[in-house]
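All residue numbers for the sequence shown refer to the working numbering, where the first residue is 16 and numbers rise by one. Everything on this sheet refers to the single structure shown next.
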Amino acid sequence: QVQLVESGGGLVQAGGSLRLSCAASGNIFTLNTMGWYRQAPGKQRELVADITSGGSTGYGDSVKGRFTISRDNDKNTVWLQMNSLKPEDTAVYYCNWASRSINRNYWGKGTLVTVSG
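What follows is the structure in structure tokens.
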């Protein structure tokens, strides 16, 4: 089992910034991908950004150039720096930990990000 604890959500005005963090603990397998997904009311959950244990990153089209994902493998922690936030970024943001090598996938409980216009 892997436990994920998210923090950093909140209310911010459009154009502002927030930084989310997610710490993983438990039975951490070395080869893994950590990432952030979000789900707005009435919409499907979508990928925001992810990063492999080797440092390769991927971003959803709507956040490219505004959000940056990073991680510290020693601390099993991933961060999402969100800049130039827009009202359409409002959603619950979920941390994800996954490893194809051992066929495991875990989710955090989510943290709410609200961007006021």
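Just so it is clear, CB atoms sit at the ideal spot from N, CA and C, and this is done for glycine as well. Small disclaimer: the values here were computed from a predicted structure and weren't measured.
Counting other Cβ atoms within 10 Å of its Cβ, leucine 127 stays below 16 and is therefore classed as exposed. When the beta-carbon positions are compared, leucine 95 and leucine 35 come within less than 8 Å of each other. About 15 Å separates the CB atoms of asparagine 42 and serine 68; that is not less than 8 Å, and the two are not in contact. Less than 8 Å divides the Cβ of valine 17 from the Cβ of tyrosine 121. For leucine 19, the pairing in a beta bridge is given by DSSP as Ala39. For glycine 70, the closest alpha carbon among the candidates Arg119, Glu61, Tyr108 and Met49 is that of Met49. DSSP, read as helix, strand or coil, puts serine 99 in coil. Taking every protein chain shown into account, the CB of glycine 123 has 16 or more other CB atoms within 10 angstroms, so this residue is buried.
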